[in-house]
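First the structure, in the form of structure tokens, and then the observations on it.
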Amino acid sequence: QFGAIRTLYTACKHRGFVMISYYDIRDARTAMRALQNKPLRRRKLDIHFSIPK
Numbered sequence: 001q002f003g004a005i006r007t008l009y010t011a012c013k014h015r016g017f018v019m020i021s022y023y024d025i026r027d028a029r030t031a032m033r034a035l036q037n038k039p040l041r042r043r044k045l046d047i048h049f050s051i052p053k
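Going by my numbering, the residue at position 16 of the sequence shown is 16; the numbering climbs one at a time, nothing skipped.
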């Protein structure tokens with residue numbers, strides 16, 4: 001819906017934590033703007049960028 005996803009990582013130990021990498025940073029920004037604070041299973045999404053060093 002927001003662009004091609006490069007990788008998707010879910011941490012088994014940390015319920016509710018997902019890391020998604022997009023091929024295009026513009027797609028990541030679009031997804032973040034559209035989904036920030038949206039409800040998901042009675043909780044709000046809290047989205048942050050993580051940029052590799």
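Here a beta-carbon is modelled for each residue, glycine too, at the ideal position from N, C-alpha and C.
Rounded to whole angstroms, the separation of the alpha carbons of Arg26 and Val18 is 19 Å. The continuous beta strand (DSSP E) containing Arg6 extends over residues Ile5 to Thr10. Sorting Arg29, Phe49 and Leu45 by C-alpha distance to the C-alpha of Arg15 places Leu45 at the top. Between Phe2 and Tyr22, the CB-CB gap stays under 9 Å.
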